[in-house]
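I have placed the structure first, in the form of structure tokens, so that the comments after it can refer back to it.
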Amino acid sequence: MLRTTLLTLALTGAACATHYPGLGLHNDYQQGLAINGVPAEDRLKWMRIANNAVREINGDPCSIAPFGVAVVNTTSNELVCVAANRVGLTGNPTQHGEITGLDVCSEVLRAKGLSPQEMLAAWKSFTMYTNGEPCPMCASALRWSGIGEVVWGTSIESLIAGGRSQIYLPSSMIVSASYALGHQTLWLGSVLSNETDPTFAHQFNESAPCPADCQRVTLPGKRVSQCTANPGWRESWEKRRGQWEANLIAEHGAHSHAHDEL
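Count the sequence shown with mature numbering (1 follows the signal peptide of the UniProt record, and there is no 0) and you get residues -17 to -1, 1 to 245, in order.
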């Protein structure tokens, strides 16, 4: 019985590998498509904001973990919150960009006076834009949240190919396995990957160009060069800390709406 089961699994895996090259079980390329009534231009706008989140929120233009998110009301196209990976800032290994986004947006909803039940109900109206494909932990959390849409940029496959340690499991498998949760999440991939991929290219590849406002140097005691912020950049950011987020909310956020419009 065990032998038969193992043989079946092996044959299934081989068939999947042949039929679906790479990690993905689905076609995860939705670049340029107007899906679910959202213009493609809006998708690109929010993904660019997510891709800049670590730079502007954490003050690190050449981060080792530049994962950022933007959460938007899908219908009104208004920003709910922006967030960035803060594992290195907090020492909490679960604080990936998506988990931080769930935390920050929950605080935003609480501050607007929503009850816990209203907060839980609000997620189905939101889209999370994340510049990197959610890992299994984050994909599971997003499915449990009941969020309406998840849009990601750089695939897990590309992250691994670039030298980054990842759990070797595409988010589409988490989505497929969560069919019994009672709510659906639209899952769109590889949106603006031509811009998000370079964000994750320089950390482990010495031949990759550094992001803007960064330069490649070899630090004392190190054998491998890395991208570091240009002199004075951090000091300049400290003077405007928090302004980027405030300006985004002022320009794109929801103002004085009733609870059902958040």
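Note that the Cβ used here is the ideal one computed from N, Cα and C, for glycine as well.
Bear in mind that the values here come from a model prediction, so they are computed numbers and not experimental data.
A straight-line Cα-Cα distance of about 28 Å links Y151 and V55. The straight-line gap separating the alpha-carbon atoms of R38 and E90 is approximately 22 Å. It is roughly 14 Å from the alpha-carbon of G225 to the alpha-carbon of E218. Measuring C-alpha to C-alpha distances from A184 to each of T201, V207, I143 identifies I143 as the nearest.
The alpha-carbon separation between D180 and Q100 amounts to approximately 38 Å. Note that the C-beta distance between D11 and S173 is below 7 Å. For the 7 Å CB-CB criterion, A67 and N41 form a contact. Below 8 Å, enough C-beta pairs join the stretch 160 to 179 and the stretch 111 to 131 to call them touching: three or more. When secondary structure is reduced to three states using DSSP, L97 falls in the coil class, being assigned neither helix nor strand. Its Cα nearest to that of V207, the residue R199 stands out among L169, N213, R199.
For V52, there is no enclosing alpha helix (DSSP H); the residue is part of the beta strand (DSSP E) that begins and ends at 51 to 56. With a cut-off of 8 Å on Cβ pairs, the stretch 209 to 216 is not in contact with the stretch 226 to 233, counting fewer than three such pairs. Distances from the alpha-carbon of G131 to those of A122, A195, Q149, S138 put A122 closest.
Secondary structure remark: continuous beta strand (DSSP E) runs of at least 3 residues inside the stretch 148 to 226, in chain order: 169 to 171, 197 to 200, 209 to 212. Going by beta carbons, V52 and G80 fall inside the 7 Å limit.
Close CB contacts of I82 within its chain, under the 7 Å cut and outside five residues either way in sequence, are with C121, A124 (chain order).
The beta carbon of W135 is closer than 6 Å to those of T113, E116, G172 in its chain, skipping five residues each way along the sequence.
If you draw a straight line from the Cα of I157 to the Cα of C118, it comes to about 9 Å. Ranked by how close their Cα comes to the Cα of T58, the residues N19, T182, W127 have N19 in first place. Counting along the chain, the unbroken alpha helix (DSSP H) around W29 starts and ends at 23 to 34. Counted as a single uninterrupted DSSP element, the beta strand (DSSP E) harbouring A66 occupies residues 61 to 67.
E221 and W227 have their alpha carbons spaced roughly 12 Å apart.
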